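Visitor:
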Amino acid sequence: MASAWRRLGFYVCFLKSKLNGGPDIISRGRRVIPGCARGIYSATGTWTKEYTLQTRKDVENWWHKRIKEETSKISEADVINPMGWDAFGLPAENAAIERNLHPDSWTQSNIKHMRKQLDRLGLCFSWDREITTCLPDYYKWTQYLFIKLYEAGLAYQKEALVNWDPVDQTVLANEQVDEHGCSWRSGAKVEQKYLRQWFIKTTAYAKAMQDALADLPEWYGIKGMQAHWIGDCVGCHLDFTLKVDGRVTGEKLTAYTATPEAIYGTSHVAISPSHRLLHGHSSLKETFRKALVPGQDCLTPVTAVNMLTQREAPVVILAKADFEGSLDSKIGIPSTSPEDASLAQTLGLPYSEVIETLPDGTERLRSSAEFTGMNRQDAFLALTQKARRKRVGGDVTSDKLKDWLVSRQRYWGTPIPMVHCPACGPVPVPLQDLPVTLPHITAFTGKGGSPLATASDWVNCACPRCKGAAKRETDTMDTFVDSAWYYFRYTDPQNAHSPFSAALADYWMPVDLYIGGKEHAVMHLFYARFFSHFCHDQNMVKHREPFHKLLAQGLIKGQTFRLPSGQYLQREEVDLTGSVPVHANTKETVEVTWEKMSKSKHNGVDPQEVVGRYGIDTIRLYILFAAPPEKDILWDVKSDALPGVLRWQQRLWALVTRFIEARASGTLPRPQVLSKEERAEGRKLWEHKNSVISEVTAHFTEDFSLNSAISQLMGFSNALLQASQRVVLHSPEFEDAVCALTVMAAPMAPHITSELWAGLQQVPGKLCAHYAWDTGVLLQAWPTVDPQFLQQPDVVEMAVLINNKACGTIPVPQRVSRDQDKVHELVLQSELGVRLLQGRSIKKAFLSPRTALINFLVQD
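Under the numbering used here, the first residue of the sequence shown is numbered 614, with each subsequent residue one higher.
Encoded structure:
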C-alpha cells in the first residue's frame, strides 16, 4: 500500500480462522470448496447481492489469512510498524503472586494470549522486530546503557523517601498505596522512610530538552505539558562538602540557586525541616536535630564548603516546610534575593555584594575571582561550564524538576548492574559480563526489601575491580528505563553486539509518529527524550530528539460499578431495575461511572467475543468512527456509531453490487453516449471524488482524524448511490470514484474492501487503466487529486449558516477554504458577517469544506 497510509501503521492482518469443508480444488483460477455453503465471489465465482451476517462471516473467514500473507510481502522501505512488550513491573509480579505462578511464566503466557488478540482484531505488526523487555537479550542492553550513564556521572546513589510497609517490611510503589495511605496487601498504614536509592540525573539535560521543544511541531498541547514538567531552566545545583567545627565529615549536600553567577556572594545554605539530613541515615542527623527549633529559622554548627569556589557558608534550617518547586535545599545569595538578605541580617551572617550596576544599567560581577568584571550572562555561562567540567554541579535546570529515582525493591525488573565492594565502593559490572540475569526465586514476599536479597548465591560475588568479596545490587530498575529506549532497539532488534546499529538508527530515526495515551505525555515521553539526548552525546545517534509528530490518543473506557467502600462489582452483581443501581445482595447504592478498562474493575471487554459477534471490520470502524483519536470512547455497542458503520458496510456492498450488475448486463460502457446532463453529473462526481481524496488524505497524514475520514467516505458513498443508471454504466468518473472509495476505505475495513475489489476486478470493459487490476486492494496506490482539479478557480463561494439557517455566501480564497479559523475570520470581516454576527455571542462554528459552508451557532 502507498506510504500515505502505511506510514500511519495501518497494516492489516488477521488470525487464521477454521474453514469448513474439504481441501481446496483449483479450477481455472477460481477456488471451489466442496461441501461448503460459502456464498461470496472469491470462493464461488458468483457475486452475492446481499451483505448478510453470513456474507460478512464468509468474507472475513476467506480474507483473514490471505490479507496477512499479502501484507507480509510489503517492503519495509518506507515504514516499520513494530510491536514490543513492556513486560517487567509490579503489576505482573503481583498478578503472578496471586496466582501462585512465577512472574516469567505468567508474563510469557500473557504475551502469547495478547498476540492472538491483536491478530484477531485485524492488527498487523512487523513481528520480526518484536522485543520483550523481560528477556535477557533486551535487558542486557538496558544494563549497558545504565553503565554508560554511570560512567558519564549521570547515575548515582543517594538517600530518598520511599513508601514503607511496616508489616511486610518492604518498599511499596505509589500504585500499592491506596487513597487512605494504606498498603494494598497488608492494610497497614504506610510510613515514609529514607533508603539509599539509585537515581538517573535527568536534570543534566533539562535545559537542552526544554530548548529543543521549540524546534518540534505542535503536539496538541503536549509540548506545553513537557515544558511545564521541566520548568523554567534558570539556575543550577552546586555541590558542597559538610564540616563541623572545622572537621570534614564526608557528608555532601547539593543545593540549588537561580543565580549561580553570584555564587561568591553566598551567605548560607538553607535546608528544609524535612531534609534527609534530619531524617535519614546521615552522620550529622543528631547535630541538625539539636539545632532545630520548630517554626524558626535556625543557624546550625555545620558549614558547607562549595566544591567549586572552596568558599564556606553556614547551613541554616529554614522555618518553612516547603521551598520553591520541588526543592529541599537552596543557596542563600543576598545580592540577588531580598529574602536571603533579610535572613542573613536576622541571623547576623556575613556576605559580599557581588553585583555592581554601571551607569548604563549593565550589571557585572565584582569580588568573584576570575569571574570579576564579567556581565551576569557571561558569568552565568562561564561558571556553570566550569562546574560541569569539574563535575560539581552546574547543569542548568529548574527549581521543580527532580532527578529520576529508578530503584525498585521488587524482583520482576531489570537488575541494576552494580556491585558493592567494601573496599572499592560501587563498581559497575564489566560490559563483557552482561547481562546480569535474574535468579530463579519464588520467595517474592520476603521481609526487608527486594526479594533478590534472598538469593544469596546470586548476591554474593567478587568485586570486578579488586576481586574481593562483594555483593550485587539487589534493587531492580523502574520499568520506564526499559521503555525509554525501545524505539532504538526496534531499528535493530537482533543485534547481539550493541544496543543498536548507529547506521540503522540514523536511517529510521526520528520516529515519524509517536502514538500514546495522555498518561504518557509527561513521564514516559520525557524519559524517552532524555535517553535520546544522552545517546546523541555518546555519539550513538545523530538526532537528539526521538520523535517528530505526536498523537496523544484517548482511552477506551468501560462502565464500572463501585460500592461506597471502593470495591468494584461485576455487572451481574448489580440490580439495575430500580431508580438507582444497587448491589443485588446488600442493596447498597452503587456508583456507576466510566473508567479505563481493567480486570480489577471488571469493566474489560473480551476482543474475541466482540469480534465474533460484530465482525472485525465493524469493530475497527466503530473504534475509529466513535470519536476523534484524542478523545475517550465510552465502550457502548448500543451507541449510534456501531449501527452506523454496520449500515455503511451494507451500502458499500450495495454500491459495488449495482456497478457489477450494470456491467454484467451485456452492454459494454460507452462514455460517448452520455447526454450533456449525464456528463455534468459525472463531472460533479469527479469534483466530489477529488475533494474527498484531498480531505481523507489530510486526515490520514496530517490531523489523524480518522472519524472524519470515515464520515467523508460515508458521504461520498451516499452520493454515488444516488447516481443515475446510465452514469453507473457508462461514466468513467463513476468507475474511478467507486474504485477510489474502495481503496481509501481499505486500511480501516480491509476484509470487506478486499472482497469488493475482487468483485470490481471481474467487471468487463474497464474505463480506468491506472489501477493495478492484477493485485489486491491493499497493494493499490493511494488515490491522488487530479491536476485539473487543482487548476480550478481559486475562489470558493462559501455558504454562511447561522443556527442552521442559510443567510448568504461570501467569496473565500481556495487556499484557505479548509482552514476553519481563517474562514471564520473572513466571515466576521465581511459585510454579511458585520450585519448578522456583530455583537452576538458565537458559541461554536462548524466548517464543511466539502460542501463549502460554515455554520455558526450563536446565542442572542
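Ideal Cβ placement from N, Cα and C applies to all residues, glycine included. Given the structure is predicted, the values throughout are model-derived calculations rather than measurements.
(1) Can you tell which of 1244, 754 and 832 has its C-alpha closest to the C-alpha of residue 1095?
(2) On the DSSP letters alone, give me the boundaries of the beta strand (DSSP E) that residue 913 sits inside.
(3) Could you please give the first and the last residue of the uninterrupted alpha helix (DSSP H) stretch that includes residue 1474?
(4) If we ignore side chains and look at the alpha-carbon of each, how far apart do residue 765 and residue 800 end up?
(5) Relative to the C-alpha of residue 1031, which candidate in 964, 1085 and 993 has its C-alpha closest?
(6) With a threshold of 8 angstroms, are at least 3 pairs of Cβ atoms found where one atom belongs to the segment 692–709 and the other to the segment 734–750?
(7) When you compare only the Cα positions, how much space is there between residue 1068 and residue 1051?
(8) Mind listing, in chain order, the continuous alpha helix (DSSP H) runs of no fewer than 4 residues lying wholly within the segment 979–1036?
(9) Just how far apart, CA to CA, sit residue 571 and residue 1345?
(10) Would DSSP call residue 817 helix, strand or coil?
(11) Between the beta-carbon of residue 1352 and the beta-carbon of residue 1326, is there less than 8 angstroms?
(12) So residue 1246 and residue 1170 are supposed to be a Cβ contact under 8 angstroms. How far apart are they, rounded?
(13) Applying the 10 Å Cβ sphere with the 16-neighbour rule, what's the burial state of residue 852?
(14) Going along the chain, which unbroken runs of the alpha helix (DSSP H) with 4 or more residues stay wholly within the segment 784–863?
(15) Could you tell me the alpha carbon to alpha carbon distance between residue 1097 and residue 1015, rounded to whole angstroms?
(16) Going by C-alpha distance, which of 1337, 1306 and 1343 is nearest residue 1329?
(17) I need the boundaries of the alpha helix (DSSP H) containing residue 1074, first residue and last residue.
(18) State the Cα-Cα distance for the pair residue 1469 and residue 1303, rounded to the nearest angstrom.
(19) In this structure, how does DSSP classify residue 696 when only helix, strand and coil are distinguished?
(20) Taking the alpha carbon of residue 1466 as the point to measure from, which residue in 1099, 866, 876 and 1422 has its own alpha carbon closest?
(21) Quick check: is the beta carbon of residue 722 nearer than 8 angstroms to any beta carbon in chain B?
(22) Sort 878, 918, 979 and 1005 by Cα distance to residue 949 and report the nearest one.
(23) Which residues in the same chain have their Cβ closer than 7 angstroms to the Cβ of residue 1472, if we skip the five residues on either side of it in sequence?
(24) Output yes or no for whether 8 angstroms exceeds the beta carbon distance between residue 669 and residue 1228.
(25) Residue 1412 lies in the beta strand (DSSP E); which residues open and close that run?
(26) Using a 10 Å radius around the Cβ and a threshold of 16 neighbouring Cβ atoms, would you call residue 873 buried or exposed?
(27) Which of the three DSSP states, helix, strand or coil, is assigned to residue 680?
(28) State yes or no: is the C-beta of residue 1460 within less than 8 angstroms of the C-beta of residue 683?
(29) Report the CB separation of residue 1063 from residue 1107 in whole angstroms; it is logged as a contact under 8 angstroms.
(30) Can you tell me the Cα-Cα spacing of residue 1184 and residue 729, whole angstroms?
(31) By alpha-carbon positions, which one of 1027, 1375, 1240 and 1447 ends up nearest to residue 699?
(32) Whose C-beta lies closer than 8 angstroms to the C-beta of residue 1309 among residues of the same chain, with five residues either side of it excluded?
(33) Beta-carbon within less than 7 angstroms of residue 1160's beta-carbon, same chain only, minus the 5 sequence neighbours each way: which residues are those?
(34) Quick check on the DSSP output: the alpha helix (DSSP H) that includes residue 1256 runs from which residue to which?
(35) In terms of residues, what are the limits of the beta strand (DSSP E) holding residue 894?
(36) So is residue 1099 buried or exposed if we call it buried at 16+ other beta carbons inside 10 Å?
Guide: So, from the listed chains and residues:
(1) 754
(2) 911–919
(3) Residue numbering for the chain in the displayed model covers 614 to 1473; residue 1474 lies beyond these limits and cannot be assessed.
(4) 42 angstroms
(5) 1085
(6) yes
(7) 10 angstroms
(8) 989–1002
(9) Since the displayed the chain opens at 614 and closes at 1473, residue 571 lies outside it and no answer follows.
(10) helix
(11) no
(12) 7 angstroms
(13) buried
(14) 819–825 and 835–843
(15) 17 angstroms
(16) 1306
(17) Per DSSP, residue 1074 belongs to no alpha helix (DSSP H); it is in the beta strand (DSSP E), 1073–1075.
(18) 26 angstroms
(19) coil
(20) 1422
(21) Chain labels in this structure do not include chain B; a single protein chain is all it has.
(22) 878
(23) 1454 and 1456
(24) yes
(25) 1408–1415
(26) buried
(27) helix
(28) no
(29) Actually they do not touch by this definition, with Cβ atoms about 32 angstroms apart.
(30) 26 angstroms
(31) 1027
(32) 1322, 1325, 1326 and 1357
(33) 1123, 1124 and 1127
(34) 1254–1276
(35) Looking at the DSSP string, residue 894 is not in any beta strand (DSSP E), and its letter there is neither H nor E.
(36) buried
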